[in-house]
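In our numbering, the protein residues as written are 19 to 999. Even for Gly, the Cβ is constructed at its ideal location relative to N, Cα and C.
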Amino acid sequence: MLHYKRSAAAFAVALSLGVATPVFANDTNGFIQGSTVEISGAEISGVTVTITNIDTGLVRTVQTDEGGDFRFPLLPAGIYKVVAEKDGFRNTIQESVKVGISGKTNLNMKLASDDVERIEVTGSTIAMVDVTSSSTGIVVDTVTLDRVPVPRNLTSVALLAPGTTQGDSAFGDLPSIGGASVGENGYYINGLNITNFRTGVGSSEPPFDMYETFEVKTGGYSAEYGRITGGVINAKTKSGSNEFKAGVNVYWEPDALREQKNSYRRTTNGTYRIDNTGDEKDSWDANVWASGALIEDKLFFYALFNPRSVEENYVGEQQINSDGLVQNGFTETDEDAFWVAKVDWYATENNILEVTVFSDERSTEIQTFDSTDGVFTKDSRVGYEDEGGLNYTAKWTSIITDDFSISAQYGVNKQDRTVRSELDANPVAYFTYDSTGAFVPTSTWAGFTVEQGDDKREVIRIDADWYIGDHSIRFGYDYENLTASSYTINSGGAYYLYYVNDDDPANEEIYQVRHRDYEVGGDFDSENIAFYVQDQWQVTDNLVINAGIRNDSFENFNADGETFVKLDNLWALRLGAVWDVRGDGETKAWASFGRYYLPVAANTNIRLAGAETYTQEYYEFDGYADESLFIPNLTGDKTQPDDVFANGEAKSPAELVDQNIDAMYSDEFIAGYQFQLNDEWSMAIQGTYRELATTVEDMAIDAAVIEWAAANGYGDVSDIWGGFHQYVLTNPNIDMRVGTTELPGANGELVYMDLSAEDLGYPDSIRKYAAVDFTFQRAWDGVWMFNAAYTWSHNWGNNEGYVRSDNGQDDAGLTTLFDQPGLLDGAYGDLPQDRRHQVKMYGAYAVTEDLTLGANLQFWTGRPINAFGYHPTDTFAQAYDSESFYAGGELSPRGSRGRTSSYYSIDISASYNIDIGEDQTLVVRADVFNVLNNDKVTEVYEIYDSELSEDPLNPDVDPNYGTPTAWQTPRYVRFSVNYTF
Numbered sequence: 019m020l021h022y023k024r025s026a027a028a029f030a031v032a033l034s035l036g037v038a039t040p041v042f043a044n045d046t047n048g049f050i051q052g053s054t055v056e057i058s059g060a061e062i063s064g065v066t067v068t069i070t071n072i073d074t075g076l077v078r079t080v081q082t083d084e085g086g087d088f089r090f091p092l093l094p095a096g097i098y099k100v101v102a103e104k105d106g107f108r109n110t111i112q113e114s115v116k117v118g119i120s121g122k123t124n125l126n127m128k129l130a131s132d133d134v135e136r137i138e139v140t141g142s143t144i145a146m147v148d149v150t151s152s153s154t155g156i157v158v159d160t161v162t163l164d165r166v167p168v169p170r171n172l173t174s175v176a177l178l179a180p181g182t183t184q185g186d187s188a189f190g191d192l193p194s195i196g197g198a199s200v201g202e203n204g205y206y207i208n209g210l211n212i213t214n215f216r217t218g219v220g221s222s223e224p225p226f227d228m229y230e231t232f233e234v235k236t237g238g239y240s241a242e243y244g245r246i247t248g249g250v251i252n253a254k255t256k257s258g259s260n261e262f263k264a265g266v267n268v269y270w271e272p273d274a275l276r277e278q279k280n281s282y283r284r285t286t287n288g289t290y291r292i293d294n295t296g297d298e299k300d301s302w303d304a305n306v307w308a309s310g311a312l313i314e315d316k317l318f319f320y321a322l323f324n325p326r327s328v329e330e331n332y333v334g335e336q337q338i339n340s341d342g343l344v345q346n347g348f349t350e351t352d353e354d355a356f357w358v359a360k361v362d363w364y365a366t367e368n369n370i371l372e373v374t375v376f377s378d379e380r381s382t383e384i385q386t387f388d389s390t391d392g393v394f395t396k397d398s399r400v401g402y403e404d405e406g407g408l409n410y411t412a413k414w415t416s417i418i419t420d421d422f423s424i425s426a427q428y429g430v431n432k433q434d435r436t437v438r439s440e441l442d443a444n445p446v447a448y449f450t451y452d453s454t455g456a457f458v459p460t461s462t463w464a465g466f467t468v469e470q471g472d473d474k475r476e477v478i479r480i481d482a483d484w485y486i487g488d489h490s491i492r493f494g495y496d497y498e499n500l501t502a503s504s505y506t507i508n509s510g511g512a513y514y515l516y517y518v519n520d521d522d523p524a525n526e527e528i529y530q531v532r533h534r535d536y537e538v539g540g541d542f543d544s545e546n547i548a549f550y551v552q553d554q555w556q557v558t559d560n561l562v563i564n565a566g567i568r569n570d571s572f573e574n575f576n577a578d579g580e581t582f583v584k585l586d587n588l589w590a591l592r593l594g595a596v597w598d599v600r601g602d603g604e605t606k607a608w609a610s611f612g613r614y615y616l617p618v619a620a621n622t623n624i625r626l627a628g629a630e631t632y633t634q635e636y637y638e639f640d641g642y643a644d645e646s647l648f649i650p651n652l653t654g655d656k657t658q659p660d661d662v663f664a665n666g667e668a669k670s671p672a673e674l675v676d677q678n679i680d681a682m683y684s685d686e687f688i689a690g691y692q693f694q695l696n697d698e699w700s701m702a703i704q705g706t707y708r709e710l711a712t713t714v715e716d717m718a719i720d721a722a723v724i725e726w727a728a729a730n731g732y733g734d735v736s737d738i739w740g741g742f743h744q745y746v747l748t749n750p751n752i753d754m755r756v757g758t759t760e761l762p763g764a765n766g767e768l769v770y771m772d773l774s775a776e777d778l779g780y781p782d783s784i785r786k787y788a789a790v791d792f793t794f795q796r797a798w799d800g801v802w803m804f805n806a807a808y809t810w811s812h813n814w815g816n817n818e819g820y821v822r823s824d825n826g827q828d829d830a831g832l833t834t835l836f837d838q839p840g841l842l843d844g845a846y847g848d849l850p851q852d853r854r855h856q857v858k859m860y861g862a863y864a865v866t867e868d869l870t871l872g873a874n875l876q877f878w879t880g881r882p883i884n885a886f887g888y889h890p891t892d893t894f895a896q897a898y899d900s901e902s903f904y905a906g907g908e909l910s911p912r913g914s915r916g917r918t919s920s921y922y923s924i925d926i927s928a929s930y931n932i933d934i935g936e937d938q939t940l941v942v943r944a945d946v947f948n949v950l951n952n953d954k955v956t957e958v959y960e961i962y963d964s965e966l967s968e969d970p971l972n973p974d975v976d977p978n979y980g981t982p983t984a985w986q987t988p989r990y991v992r993f994s995v996n997y998t999f
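1) DSSP beta-bridge partners for E638?
2) Counting along the chain, where does the alpha helix (DSSP H) carrying P671 start and finish?
3) Tell me whether the region 279 to 293 and the region 315 to 335 touch, counting them as touching only if at least three CB pairs, one residue from each stretch, are closer than 8 Å.
4) When you compare only the Cα positions, how much space is there between V991 and A464?
5) With distance defined between alpha-carbon atoms, name the residue in S490, R534, S425 and S504 nearest to A482.
6) Look at Q856 and E818 and say whether their C-beta atoms are less than 8 Å apart.
7) Identify the continuous beta strand (DSSP E) that holds Q986 and give its terminal residues.
8) Is it buried or exposed for K396, if we count other Cβ within 10 angstroms and need 16 for buried?
9) Using three-state DSSP, classify E776 as helix, strand or coil.
10) Apart from the five residues on each side of it in sequence, which residues of its chain come closer than 7 Å, Cβ to Cβ, to F999?
11) Between E901 and W810, what straight-line distance do the alpha-carbon atoms span, to the nearest angstrom?
12) With H, G and I counted as helix, E and B as strand and the rest as coil, what does DSSP make of S509?
13) Assuming L710 and S783 make a contact with CB atoms under 8 Å, what is their CB distance in whole Å?
14) For W363 versus F376, is the C-beta distance shorter than 8 Å?
15) For T653, list the residues DSSP reports as bridge partners.
16) CA-CA distance, D87 and V67?
17) Between which residues of its own chain and D661 is the CB-CB distance below 6 Å, once the five residues before and five after are set aside?
18) At what residues does the beta strand (DSSP E) containing V583 begin and finish?
19) Can you tell me whether DSSP reads F542 as helix, strand or coil?
20) Report all residues from its chain with a CB closer than 8 Å to the CB of Q278; omit the five preceding and five following residues, and keep chain order.
21) For the beta strand (DSSP E) containing E372, name the first residue and the last one.
22) Hey, how far is the Cα of S920 from the Cα of F318?
23) Under 8 Å between the Cβ atoms of S929 and T870?
24) Can you say whether G487 is buried or exposed, counting buried as having 16 or more other CB atoms within 10 angstroms of its CB?
25) For P762, name the three-state secondary structure that DSSP assigns.
26) Quick check: the region 100 to 116 against the region 437 to 444, are there 3 or more CB pairs under 8 Å?
27) Under three-state DSSP, which class holds A524?
28) Mind checking whether A355 and A321 have CB atoms under 8 Å apart?
29) In angstroms with no decimal places, state the Cα-to-Cα distance between F42 and V562.
30) In terms of alpha-carbon separation, which member of P193, R708, A897 and N569 lies closest to G244?
31) Specify the secondary structure class of D227 as computed by DSSP and reduced to three states.
32) Does DSSP put E725 in a helix, in a strand, or in coil?
33) Should G1052 and Y904 be called a contact, given that it needs their Cβ atoms to be closer than 8 Å?
34) With H, G and I counted as helix, E and B as strand and the rest as coil, what does DSSP make of S929?
35) Does DSSP put F189 in a helix, a strand or coil?
36) Which same chain residues, not among the five before or five after N996, have their C-beta less than 7 Å away from its C-beta?
Rendered as structure tokens:
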């Protein structure tokens, strides 16, 4: 165990907190360890060390070993009193020892002999250097959130950490961590994984006020955690204590104090392509909560009820047709209450059961209104999006002996994914106009798709800790069973797109109609199983080795319950070294290596292993079969070949999955140096390199099959493999072995084809990330706090990862990027999440005992800009329209068209405590976000070749290319009142 040598001034304050930086990813327990020494520094064995949780009365006692070392694992987070006593020595007492989640608090307790006056050390908080941890990230607790302006969502908390950036708006409000896509993060609450396992994008959204502490992990994860290649947002909820507490918190964001987003008008006719002039949003959020002891020192509860309301009005793009200026308006209303309950049972001082239940079930009502020449109809089409679900988890922790402890957890995470409306029987119909390319929906339907779906994750986890000499060994088992139920069709079972020649607006002509038939569904299971061993070895007083190994297995099943893809025996090494440079616990140098595997997303099961139908037919317009619902006669001549992306037949796994497939994984290297500048300030520099070693994608293999069939005596099969016939899940640029039952003369028997990487023609999937972080921190001392970070980073390659920002596609593992070899031409360059420079600063200052001011500044350089167009030579890639890295027939490499502007935002807050009586507090607060109302463009339209071009080899330039599609969030204000008694 380490013996810290600190100055006398620092000893009185710093040792009360010790080291409390994160170690493990979804562990919500804390840890106290340390040593007992005489004033002279000599080790003392046989000292009785007792800890007492100030809030719950939990008491634990151990005796120090031969080296004077002691440990208290699996502690509930909180404030503890620590007492060390031994005959012949005065008692040493340390008050207010703060134990956080996923960290180790190190104490060096000095005992004086009986002839010396008793030493009593008390204190509050201070940030120190953890000279045992090689992981990276930050911990954000109520000390920060109560003082610093932070929007009330997990993304905003994550963005406080160095090396995190905000993803594209197409995926909502989500973070990119360490250069990974927004679909590669993990989200945990009290150890329960709440990540969206269908696409990896986002998580459950429980009441924000239930959180007590957040841990944002950005790298160096130990072997007990996997299934991520991005970062981890790990949260702990509040708990009850012996003291009864209750309160009401109300938050209000008035539309009257919300600035408007910018809008954009077309240069061709002055109509709005993006119209934010009618945006309105009013939201309020209330929390009624209570906590306390049902049985003193034994049984505790925390409960919160969260009534809430969000109403948002906005409008779509404008279009001119024969009726005039047409536009849709929308009103979204979400008024469902959330709730949470937590119970902690201290069966004995060494055995604790905690049960957490929360609900984020909600149904958002979406009303759609039509308007002509600015006059909106009174009647609306109403649709609903059902989301969220009931979630619960139970965790048992047990200290078996001083050297062995164990924890077991079971949990369920649910997510509804139903999209419905009162007009689900009516087909989707749109009109697209040649002059602008705008898509104008008809008023006969509400939801584009009808989706009946839900997801369920069932979790079982067992972890054990065993302490042997200088080794702290953790090992365990981690199991997830995932079920995704999904049935999706277009509203009314069809989607009709009418092509309109509007050269003369008074005499518009429909000349073509496209009929899309889309249907997919079933119940799809996945199983993720892992076991691991992690050792923290104190090699010397100054050197710690963190070494671990993890074995993952991923198995996905199709709708018939057959194994679709199985990836097992995936060994992942985690290795780190930490050197206490001066041996005083104030300075460390560290380095780490980690390999992280990512499962195949459930979305892949649904779309690739399901019996998906996805076809498009093109006809000359021949009038309507039912004009009231815009159902056409499909009797005109075909205008172009059908698009058959999936024919409704569920192929066998042998025809869908490469027999040589490997799991998607990323390797990470980190090195850093951290030191305590003085008793209040710390500083660190850290370098990170990440590389996506391989990825899993679906790829069209038709061109290679045509070559293979001709070479193996099956003749010309181009009438079957016409470019889009067989898509296979595989790793890019590897030799493939895949089956087919469609070869001429094979009589429907399964024949395996060995296709070379050269014949397939796909390059390696590449994603690289390099970063250097400089951080400064001053912990809250009752007066002020300050955190600052500068990050230089570079994110480059040809593949963003799980999802694709280029076209807003969240089809994890099935994006268009690797659909055809030609789509990869020019794809290598700066990736969408590349932000070369970042600056983050946040802090707070107590002007008086009652008035506190806070501020939060974030700065990013701009996003790379692309130009997408028709591929001039690859006819299969050309069929995807403007999806290639070409502009006007010339190669336009990724990110070569410049960048959006750099941008920054400053948030400020002021809170005031009002004394209203004994044991009662009232806090009024105002937060102003983007106080300067900066409105820089953050994303632009990247389609260069107009998809209305008559000749793909001589395309027109899309008039919208380079125009804004997203801006900074405009200024808004949040008022809050918090009453506690």
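Let me lay it out:
1) Sequence index remark: in the sequence shown, residue 638 carries index 620 (1-based). Paired residues: Q530.
2) Taking the sequence shown and counting its residues from 1, the one referred to as residue 671 is at position 653. P671 -> alpha helix (DSSP H) spans P671 to L674.
3) They touch, by the three-pair rule.
4) Numbered from its first residue, the sequence shown carries residue 991 at position 973. Numbered from its first residue, the sequence shown carries residue 464 at position 446. Distance from the CA atom of V991 to the CA atom of A464, rounded to whole angstroms, is 33 Å.
5) Start at 1 with the first residue of the sequence shown, and residue 482 comes out as number 464. Nearest in C-alpha terms to A482, of all of S490, R534, S425 and S504, is S425.
6) Within the sequence shown, the letter at position 838 stands for residue 856. Within the sequence shown, the letter at position 800 stands for residue 818. In this structure, Q856 lies away from E818, with their beta-carbon atoms at least 8 Å apart.
7) Start at 1 with the first residue of the sequence shown, and residue 986 comes out as number 968. Annotation: Q986 is outside any beta strand (DSSP E) and is labelled neither H nor E by DSSP.
8) The residue given as residue 396 occupies position 378 in the sequence shown. It counts as exposed.
9) Indexing the sequence shown from 1 puts residue 776 at position 758. For E776, the three-state secondary structure derived from DSSP is helix.
10) Position 981 of the sequence shown, counting from 1, holds the residue named residue 999. Cβ within range, chain order: A264, G265, D937 and Q938.
11) Your numbering for residue 901 matches position 883 in the sequence shown. Your numbering for residue 810 matches position 792 in the sequence shown. Cα-Cα distance, rounded: 30 Å.
12) What you label residue 509 is simply residue 491 of the sequence shown in a count that begins at 1. In this structure, S509 counts as helix in the three-state DSSP scheme.
13) Walking along the sequence shown from the start, residue 710 turns up at place 692. Walking along the sequence shown from the start, residue 783 turns up at place 765. About 7 Å separates the Cβ atoms of L710 and S783, confirming a contact at the 8 Å cut-off.
14) As a position in the sequence shown, residue 363 is number 345, starting the count at 1. As a position in the sequence shown, residue 376 is number 358, starting the count at 1. Going by C-beta atoms, W363 is not nearer than 8 Å to F376.
15) On the sequence shown, position 635 is the one that residue 653 refers to. DSSP, once it has assigned bridges, lists no residue as partnering T653.
16) As a working mapping, residue 87 is identified with position 69 in the sequence shown. As a working mapping, residue 67 is identified with position 49 in the sequence shown. Each residue's Cα considered, the two are about 10 Å apart.
17) Indexing the sequence shown from 1 puts residue 661 at position 643. Cβ within range, chain order: Q634.
18) One-based indexing of the sequence shown puts residue 583 at position 565. Counting along the chain, the beta strand (DSSP E) containing V583 begins and ends at T581 to D598.
19) As a working mapping, residue 542 is identified with position 524 in the sequence shown. Reduced to three states, the DSSP call for F542 is strand.
20) Your numbering for residue 278 matches position 260 in the sequence shown. Counting only Cβ-Cβ distances below 8 Å, and skipping sequence neighbours, we find N294, T295, D297 and P988.
21) By 1-based counting over the sequence shown, the position of residue 372 is 354. First-last of the beta strand (DSSP E) with E372: N369 to S377.
22) Within the sequence shown, the letter at position 902 stands for residue 920. Within the sequence shown, the letter at position 300 stands for residue 318. Inter-residue distance for S920 and F318 is about 49 Å (C-alpha atoms, whole angstroms).
23) Taking the sequence shown and counting its residues from 1, one reaches residue 929 at position 911. Taking the sequence shown and counting its residues from 1, one reaches residue 870 at position 852. Yes, the pair counts as a contact, with Cβ atoms nearer than the cut-off.
24) Translated into the one-based positions of the sequence shown, residue 487 becomes position 469. By the 10 Å Cβ count, G487 comes out exposed.
25) In the sequence shown, counting from the first residue as 1, residue 762 sits at position 744. Note: P762 maps to coil in three-state DSSP.
26) Contact between the region 100 to 116 and the region 437 to 444 is absent, because fewer than three Cβ pairs lie under 8 Å.
27) On the sequence shown, residue 524 is found 506 positions in, with the first residue counted as 1. In this structure, A524 counts as helix in the three-state DSSP scheme.
28) Within the sequence shown, numbered from 1, the residue matching residue 355 stands at position 337. Within the sequence shown, numbered from 1, the residue matching residue 321 stands at position 303. Going by C-beta atoms, A355 is not nearer than 8 Å to A321.
29) As a working note, residue 42 is residue 24 in the sequence shown. As a working note, residue 562 is residue 544 in the sequence shown. The predicted model places F42 with a pLDDT of 39, which falls under 50 and marks its position as unreliable; any figure quoted below should be read in that light. When rounded, the distance between both Cα atoms is 16 Å.
30) What you label residue 244 is simply residue 226 of the sequence shown in a count that begins at 1. Of the candidates P193, R708, A897 and N569, the one whose C-alpha sits nearest the C-alpha of G244 is N569.
31) Counted from its first residue, the sequence shown places residue 227 at position 209. D227: helix per DSSP, three-state reduction.
32) Within the sequence shown, residue 725 is the residue found at index 707, counting from 1. E725 falls in the helix class under three-state DSSP.
33) With the chain represented from 19 up to 999, any question about residue 1052 goes unanswered, as that position is not in the structure.
34) On the sequence shown, position 911 is the one that residue 929 refers to. Strand, per DSSP.
35) In the sequence shown, the residue the question calls residue 189 occupies position 171. Look at F189 here: in three-state DSSP terms it is helix.
36) Start at 1 with the first residue of the sequence shown, and residue 996 comes out as number 978. Excluding positions up to five away in sequence, the list reads G265, N267 and V941.
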